[in-house]
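Have a look at the structure below before the remarks.
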Amino acid sequence: MAELLEGLVIAHLGQGIAVEHKDKIILCQTLRRLETVAVGDKVLWSLSSPDQGRIEKILPRRSLLTRPSRNGKTRPVAANIDTVFVVFAIEPHCDFLLLDQYLAVCENLTISAALVLNKTDLPQSDSIEKELLDYKNLGYPLYRVSAKKASGLDELKRALKGQVSMLAGQSGVGKSSLTNAIIPDKDLKTNTISATTKHGRHTTTAATLYHLNDGGDLIDSPGLAIFGLAGLSENGLAYGYREFQSLIDNCQFNNCRHLHDKGCAVRVAAENGEISMTRYQRFLKLREKMPAAFV
Ligand SMILES: Nc1nc2c(ncn2[C@@H]2O[C@H](COP(=O)(O)OP(=O)(O)OP(=O)(O)O)[C@@H](O)[C@H]2O)c(=O)[nH]1
Ligand SMILES: [Mg+2]
Ligand SMILES: [Zn+2]
């Protein structure tokens, strides 16, 4: 059997998987489990031809983000992530429902989460500031940046240092622009992936992992890879609202849905202003949107 080598999955391409091994990038195939390999995975692979490899084994993961796919199943988005940086911006618009969704998923997977408000060079809005106060009170770090003006980037870079991070967020908020601003030789690497795999274009539809100059990795993900509520149960969603956690045990019934249920401590706390009413209302909205299979 061919020698097994360790590698890091840096991109999922249509034709295979780009695996980095000692500064080289090899296009790899997998026999059966192509769709289960994720960016950020550490793998064992072997050479199957002079310039191509085959992934033999996925090494144990410390975390795995998934998104919904067909038939109520899930597909991996990225593996071994320490922190998700949820990027949002006044343009196209601030989608706090989506933001809560990302935060709830991270909370359940014990992946850290932070917020990145991009496009601060554009005129900002007071109503957004009001919402942001809620997240600050919950302990979520907030970075205010502009990829365009390269402002706030030093603080963000310090936060990214020494860990594996992913930029998530809806299409058009500036994840790739931020990645470009943070990683000066990003295009070089993208071109290397394309050259190595001989397939011309490296599409922006795939999540890609980049090494940071100061140590640590950054994954730029496409807005399309919204991981939804994949795999979250109704209880998981409630737990994902971290301000609910200490209240849930005080609900009168242990199967409380935190809706109109009698003696619901979460609803009472929202009504009394002890927790944010807008976050509570978004929880109700997400709960409604939940696929029946997960309820
Ligand atoms: N004014 C302003 N525009 C920005 C800033 N950052 C990015 N943009 C613009 O926003 C648009 C989208 O930027 P992208 O970096 O492609 O957004 P993305 O989040 O990677 O989008 P997807 O890859 O589709 O998920 C582009 O036209 C950028 O020029 C910023 O800080 N300020
Ligand atoms: Mg992008
Ligand atoms: Zn309740």
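To convert, take the position in the sequence shown, counting from 1, and add 225; that gives my numbering.
In this text, a Cβ means the ideal position worked out from N, Cα and C, and glycines have one as well.
| Query | Result |
| --- | --- |
| For ALA490, verify whether its CB is less than 8 angstroms away from any heavy atom of ligand 3. | yes |
| Specify the secondary structure class of MET502 as computed by DSSP and reduced to three states. | helix |
| Any idea what DSSP makes of GLY425, helix, strand or coil? | Low local confidence applies: a pLDDT of 40 at GLY425 is under 50, so the model's placement there is unreliable, with the coordinate-based value given in what follows. Coil at GLY425, not helix or strand. |
| With DSSP collapsed to three states, give me the class of ASN497. | coil |
| Applying the 10 Å Cβ sphere with the 16-neighbour rule, what's the burial state of SER471? | exposed |
| In whole angstroms, give me the CA-to-CA distance for THR308 and GLU380. | 15 angstroms |
| What I want to know is whether the C-beta of HIS318 ends up closer than 8 angstroms to one or more non-hydrogen atoms of ligand 3. | no |
| Between which two residues does the alpha helix (DSSP H) containing GLN470 stretch? | 470-473 |
| May I ask which residues mark the beginning and end of the beta strand (DSSP E) holding PHE313? | 308-314 |
| Is CYS331 helix, strand or coil by DSSP? | helix |
| Measuring alpha carbon to alpha carbon, tell me which residue in ALA227, SER376 and LEU462 is nearest GLN277. | ALA227 |
| Just to confirm before moving on: does the CB-CB distance between MET391 and ALA432 stay below 9 angstroms? | yes |
| What number of angstroms, rounded off, separates the C-alpha of GLU499 from the C-alpha of LEU322? | 20 angstroms |
| By the 10 Å Cβ neighbour count, where 16 or more other Cβ atoms means buried, how is ALA263 classified, buried or exposed? | buried |
| Go to SER376, then tell me how far its beta strand (DSSP E) extends in each direction, as first and last residue. | No beta strand (DSSP E) contains SER376, which DSSP labels as neither H nor E. |
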